[in-house]
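I have placed the structure first, in the form of structure tokens, so that the comments after it can refer back to it.
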Amino acid sequence: MELYQLQYFLHVAQYENMTKAARELRVGQPAISKAVQALEAEMQVQLLERNGKRIGLTHEGKLLQTRLLPLLLELETIPSELQLYGERKELIRLNLLSCNLMIAEVIRAFRDEEPNVIFSITEQREKTDWDLCICSTAPEIGYTNGEHLFDERILLASRRGGWLDDRERVVFEELRKESFIMLRRGAQTRNIAEARFRAAGFVPNIGFECDTLYIAQRLVTEGLGVTLWPEYTWGRHEDLKLTAFSEDMRRSVYLLQHTEGSRQGAATRFAEFVKRKMKSSGGLTEG
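Sequential numbering from 1 applies to the sequence shown in my numbering.
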């Protein structure tokens, strides 16, 4: 089994198309087809289902793709990490599932003290090869193996100039006619909100789904709907009106740290720095 065969297979699995995979890899399509066939023969399983020009993954193919992705991602980091070691620099792999807007200021302050530390920053829920992860959850759930940083309210963001401008609080029932702009399924803020909605028997009218708060904010300012807005981490914007829910919706932000790995010195120091900075900033624990 050759490394290039695994790489070729992953590209075919990603695109489900030999031509696109060949274009991405800058090799001939026959070379990719031959490599995948050799991999299937060596493993004695069928990885791809071929139906004319259409290609799909078999059950075995999906399993191999799932197992290979984290391994090859780890291999790709080795050259840069070896170079960093030679330069006596320390790398911190940071996975941001929360506090994206706040972290730049924290990193800048940390780099002022430790300029030889560099960061690899991702925002992938499925990623596991990180040193530190900042994430959020419902207050009643928590992480037993994580450091609690702060709690904050989840508010309703609407465009200024509407009926919510003079309101301090709003109940779910008043929002039945509003179009909700929601983050993608799986995002913790959305999970927390949907659990509260279900408990209250409220079904929001979802007009848009998006991946980032930047898109959500822009859609709200264009008057296309309302969205959920973590009060502390997402900040305040002059073109948005933030209104509290009468049902009181909150989330908890946690810092998680892997306990294994050669970079734990820098990661541990940064973790302590994050805890000091974010806890001293206050969070919002009161209504």
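The beta-carbon is built from N, C-alpha and C at its ideal position, and this holds for glycine as well.
Small disclaimer: the values here were computed from a predicted structure and weren't measured.
{"Query": "Under the three-state DSSP convention, the category residue 33 falls into", "Result": "helix"}
{"Query": "Inter-residue Cα distance where the pair is residue 232 and residue 162", "Result": "23 angstroms"}
{"Query": "DSSP state of residue 184 mapped onto helix, strand, coil", "Result": "coil"}
{"Query": "Buried versus exposed call for residue 185 [16 or more other C-beta atoms within 10 Å across all chains shown]", "Result": "exposed"}
{"Query": "Of the listed residues 104, 127, 126, 125, nearest to residue 319 (C-alpha basis)", "Result": "Given that the chain is displayed from residue 1 to residue 287, the structure contains no residue 319 and the question cannot be resolved."}
{"Query": "8 angstroms Cβ cutoff met for residue 174 and residue 202", "Result": "no"}
{"Query": "Pairwise C-alpha distance: residue 189 and residue 268", "Result": "27 angstroms"}
{"Query": "8 angstroms Cβ cutoff met for residue 338 and residue 229", "Result": "It is not possible to answer for residue 338, since the shown part of the chain is limited to 1 through 287."}
{"Query": "Stretch pair the segment 113 to 133 + the segment 231 to 250: three plus CB contacts closer than 8 angstroms", "Result": "no"}
{"Query": "Cβ neighbours of residue 40 in the same chain (closer than 7 angstroms, five flanking residues each side left out)", "Result": "46, 47"}
{"Query": "Buried or exposed by the 16-neighbour rule on C-beta atoms within 10 Å, applied to residue 94", "Result": "buried"}
{"Query": "Residue span of the beta strand (DSSP E) that contains residue 55, given as start and end", "Result": "54 to 57"}
{"Query": "Separation of residue 134 from residue 207, as counted between CA atoms", "Result": "29 angstroms"}
{"Query": "First and last residue of the uninterrupted alpha helix (DSSP H) at residue 103", "Result": "100 to 113"}
{"Query": "Residue 41 in three-state terms, based on DSSP", "Result": "helix"}
{"Query": "Given 8 angstroms, three or more beta-carbon pairs between the segment 50 to 69 and the segment 4 to 22", "Result": "yes"}
{"Query": "Beta-carbon proximity check, residue 227 vs residue 181, cutoff 8 angstroms", "Result": "yes"}
{"Query": "N-terminal and C-terminal residue of the beta strand (DSSP E) that residue 241 is part of", "Result": "240 to 245"}
{"Query": "Cβ-based burial, residue 243 [other Cβ within 10 Å; buried from 16]", "Result": "buried"}
{"Query": "Inter-residue Cα distance where the pair is residue 26 and residue 109", "Result": "42 angstroms"}
{"Query": "Beta-carbon spacing of residue 195, residue 271 below 8 angstroms", "Result": "no"}
{"Query": "Beta-bridge partners of residue 229, as assigned by DSSP", "Result": "155"}
{"Query": "For residue 151, the nearest candidate out of 240, 142, 219 (CA to CA)", "Result": "142"}
{"Query": "Any non-hydrogen atom of the ligand GDP closer than 7 angstroms to residue 45 Cβ", "Result": "For the structure depicted, the ligand GDP is absent and the ligand set is empty, with no information on it obtainable."}
{"Query": "Between the CA atoms of residue 99 and residue 213 - distance to the nearest angstrom", "Result": "11 angstroms"}
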